[in-house]
Each structure stands twice: as structure tokens, then as C-alpha cells.
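Written out below as C-alpha cells is the structure these notes cover.
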């Protein structure tokens with residue numbers, strides 16, 4: 010990595026190695042000024058654009074302190090000891106491993122990085138050995154060890170393995186010894202992964218426990234702070250629900266089928282008319298609209314019911330009057346029938362009495378000698394006005410003639426003269442209903 014001198018009170022020089030560990034990002038090298046000399050740090054995941062912006066900035070130190078230094082998780086770094094570069098693996102296949110002088114050293118405020126040093130990048134033999142130098146968080150992070158590094162290490166080991174002649178026991182033993190670091194590296198990765206997984210799980214469990222505790226405490230504080238507001242909101246919601254229900258109750262009164270009589274309908278209209286809209290607050294418009302809709306529906310229904318009730322009362326009155334007239338006619342007919350029956354009974358009694366007297370008179374008449382000259386005879390049982398009509402003779406008038414003709418007709422019906430005269434007398438006096446004589 011080539012370094013360029015810069016003008017800064019803290020930075021001596023800056024270098025940049027592009028496309029490490031993958032294309033598009035690189036390693037930023039910075040040599041800081043200190044009392045003991047220069048200290049070199051490498052910062053990973055620096056894009057070429059960031060390097061160019063920092064070099065073009067008026068104050069390189071200010072740019073570094075603002076953009077890169079505060080974000081070690083985003084731009085991991087490591088301190089590099091340039092005086093003692095790491096050594097390549099020994100000829101018997103052992104790698105420098107954890108004992109390499111290139112192992113990162115961390116101060117109190119520094120963390121290790123997954124980025125190799127300049128020497129490590131240039132030496133393929135260290136591409137796998139660098140795994141032992143990484144801490145767990147860097148090793149098992151995405152791109153902690155790149156495919157390029159693994160490919161370089163694979164290529165180097167395979168090339169070195171071809172140098173051993175496996176036809177001899179000694180060479181086979183040496184090949185096994187050469188591959189032993191790979192076995193240790195593999196088992197070490199598995200052990201570290203297991204350990205790191207356990208640590209991660211414990212951390213997650215601790216984080217989750219602490220999260221629940223903090224959430225509960227903060228939630229209690231929040232609830233206590235918002236308690237008055239929560240109570241007010243609850244009361245406000247209850248108030249709104251109560252007012253909304255009142256509006257629904259008013260709207261429900263539109264169903265006039267639920268009122269079975271005029272009195273209940275009048276009571277509902279009076280209740281709606283007397284409802285105080287000033288108590289409805291923000292629901293006043295809704296309540297007023299519902300009130301007007303109810304009255305528009307119930308008032309015409311009340312008038313219709315009243316008109317129907319008046320018509321029903323008039324019809325009942327007419328029916329009662331007609332029934333009364335029919336009853337009076339029935340009573341009159343019954344009375345007339347009774348009177349007719351009584352009249353008929355009296356007439357029958359008179360006829361029977363007349364028959365008896367007539368037989369007696371006929372007997373007496375038959376026992377009396379016939380007189381030479383007919384004389385007018387007045388029957389004692391016939392009233393004088395009628396008897397006068399039967400006194401015939403040469404000088405009889407037309408009434409007497411009608412009476413004589415009627416008596417003769419009745420005698421032609423198997424009645425005696427006396428019976429015929431009795432019947433005619435009853436007709437003249439009006440004792441026989443529906444039968445009159447016209448002169």
C-alpha cells in the first residue's frame with residue numbers, strides 16, 4: 010500500500026488498497042502521529058468514492074473524525090505492526106497460526122477486524138491462517154473470510170501437497186503433518202462456532218430478559234403518565250356511545266307499527282317534541298335530523314288513525330241505529346201478530362157464539378108460523394147501525410143492498426143467515442184484519 014503525505018495535525022499519511030477483500034470496496038490505511046512515532050491502522054469497507062472525498066476535503070482529519078471514526082461497526086479497523094510482518098508457514102506444513110506477530114492488538118477503545126494486513130493479502134499461504142486471528146464476531150460475519158482468500162489458501166495447500174511422494178512411509182507421515190493445521194483449523198472453526206452460538210444464545214436470552222424488564226418498567230411509567238388521559242378518553246368514549254345510542258333510540262321511534270293505539274302514538278310524538286337538543290353536544294345535528302324525521306313520519310300517521318277511528322265510530326253508530334230499528338220493527342211485528350191473534354181469537358169466539366144463537370133462532374123460527382107479510386127484522390146481536398142496513402124492503406138504499414148481497418154470498422158458503430150476518434158485522438166493525446167492505 011502506497012502512502013501519501015497529508016497536511017494534518019493528527020494524520021501523517023494516507024494510503025488506499027482497492028478491491029480488498031472484494032471488488033468495489035477497499036482498505037484505507039492511515040498513519041497517525043504520536044509521541045513514540047507513527048501508528049498505522051487499516052479501516053475496511055471503504056469505497057473509492059469515500060477515499061477520494063476524504064482526500065479532497067479541506068480537513069482530512071475532520072472528515073475522518075466525522076465519517077469513519079464514529080462507526081467502527083460499519084468500518085472495522087485493526088492496528089498494524091509494520092516493523093514485524095507475519096512469517097509464512099514452515100516447510101513442514103505448520104502455519105504461523107495464532108502465534109504470528111501480525112496478530113491484531115487491541116487497545117481499550119479498539120476492536121479487531123476481519124481485514125488482513127498488507128503482507129497477509131500479498132501472501133497466499135496466510136489466507137487460511139488468518140482465520141485463527143479473527144475474533145468470533147468477525148469470523149462468522151458476512152464476508153469475514155472471502156471466497157478469494159479461501160481459494161488462494163486452497164491453491165497454495167494443493168500446490169504444496171504435490172511436493173510429497175506418498176510412495177514412502179516418511180513422505181506419507183510428512184503429508185499428514187503438513188495437513189494437520191487444516192484439521193486443527195476445521196475443528197477449531199466448529200468449536201468456536203459452537204461456543205459463539207452458545208454465547209449468542211445467552212446474549213439473546215439476556216437481551217430478551219432485559220428487554221422484557223425494561224419494556225414492563227417503561228410501560229408502567231407510560232401508563233402512569235397517561236393515566237389521566239386514558240381515563241378522560243374512556244369517559245369521552247362512554248359519553249359518545251351514550252349520545253349515539255340516544256340518536257338511535259330517537260330514530261327507532263319512526264316505526265309506527267310498534268304503537269298499537271292512538272294514545273301510545275300521541276305519547277311518542279309528545280316525547281319526541283319535548284326532547285331537549287341542547288344536551289346532545291356534538292351529536293345535536295344528528296339528533297335534530299332524527300327528531301324531524303320521526304315527527305314527519307308519526308304526525309301523518311296520527312291524523313290517519315284519528316280519521317279511521319272517527320269513521321269507525323260513525324259506522325258503529327249507524328250499525329247501532331240500524332239494529333235498533335230492526336229490533337223495534339221486530340217488536341212491532343210481534344205485537345201486531347199478537348194483536349191479530351187476539352183479534353182472531355175474539356172473532357172466532359164471536360162466530361161460535363153467533364152459531365149457537367143462530368141455531369137457537371132457527372129452531373125458534375121453524376117453530377113459529379110463517380107470517381103473510383114479511384117484516385123487517387132487527388137481530389139483537391147486531392149493532393143498531395149495522396142492523397139498520399139489513400132492514401130491507403122496497404125502500405132499501407145501496408148500502409143495504411151491498412149488505413144483503415154480502416150476507417147472501419156468505420150464506421152460499423155454507424153459513425146460515427145468522428152466521429153470515431155476524432161475519433159481516435165483524436167486518437164492518439173492523440175486527441177482522443186486512444178485510445174491509447167498500448160501499
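In the working numbering, the protein residues as written are 10 to 448.
We put the CB at the ideal spot given by N, CA and C, even for glycine.
Once the 5 residues before and after residue i are set aside, which same chain residues still bring their CB inside 7 Å of it?
i           : result
residue 253 : 292
residue 444 : 436
residue 19  : 41, 42 and 70
residue 227 : none
residue 256 : 292, 295, 296 and 299
residue 420 : 426 and 429
Once you ignore the five residues that flank residue i on each side, which residues in its own chain have a CB closer than 8 Å to its CB?
i           : result
residue 58  : none
residue 239 : 232
residue 175 : 181 and 184
residue 263 : 302, 303, 306 and 307
Per DSSP, what kind of secondary structure is residue i in: helix, strand or coil?
i           : result
residue 48  : strand
residue 340 : helix
residue 87  : strand
residue 31  : coil
residue 70  : helix
residue 53  : strand
residue 141 : helix
residue 154 : coil
residue 423 : coil
residue 174 : coil
residue 357 : helix
residue 78  : coil
residue 149 : coil
residue 331 : helix
residue 264 : coil
Alpha helix (DSSP H) containing residue i: first to last residue?
i           : result
residue 227 : 178 to 261
residue 60  : 57 to 65
residue 4   : In this structure the chain extends from 10 to 448, so residue 4 is not present and cannot be described.
residue 273 : 271 to 282
residue 414 : 407 to 420
residue 445 : Taken as a continuous stretch (DSSP letters only), residue 445 belongs to no alpha helix (DSSP H), as it is neither H nor E.
residue 434 : 426 to 437
If you measure between the beta carbons of residue i and residue j, is that distance less than 8 Å?
i           : j           : result
residue 54  : residue 83  : yes
residue 274 : residue 307 : yes
residue 191 : residue 166 : yes
residue 25  : residue 35  : yes
residue 38  : residue 12  : yes
residue 296 : residue 304 : no
residue 355 : residue 440 : yes
residue 162 : residue 137 : yes
residue 23  : residue 64  : yes
residue 52  : residue 77  : yes
residue 311 : residue 271 : yes
residue 211 : residue 145 : no
residue 442 : residue 367 : no
residue 169 : residue 187 : yes
residue 411 : residue 446 : yes
residue 259 : residue 281 : yes
residue 261 : residue 268 : no
At what residues does the beta strand (DSSP E) containing residue i begin and finish?
i          : result
residue 21 : 20 to 26
residue 37 : 35 to 43
List the whole-angstrom C-beta distance separating residue i from residue j, where the pair is believed to meet the contact cut-off of C-beta under 8 Å.
i           : j           : result
residue 454 : residue 31  : What the structure shows of the chain is the stretch from 10 to 448, and residue 454 is not part of that stretch, so it cannot be assessed.
residue 426 : residue 437 : Their Cβ separation, rounded to whole angstroms, is 16 Å, which puts residue 426 and residue 437 out of contact at 8 Å.
residue 432 : residue 360 : 7 Å
residue 33  : residue 56  : 7 Å
residue 363 : residue 428 : 6 Å
residue 141 : residue 207 : Not a contact, Cβ separation roughly 20 Å.
Is residue i near the ligand MN, judged by its Cβ being under 7 Å from some heavy atom?
i           : result
residue 322 : Among the components of this structure there are no ligands whatsoever, and the ligand MN is therefore not found.
Whose C-beta lies closer than 6 Å to the C-beta of residue i among residues of the same chain, with five residues either side of it excluded?
i           : result
residue 386 : With a pLDDT of only 43 at residue 386, under the threshold of 50, the placement of this residue in the model should not be trusted; the figure read from the coordinates follows. If we look at residue 386 and ignore the five residues flanking it on each side, it has no Cβ neighbours.
residue 10  : 24, 26, 38 and 127
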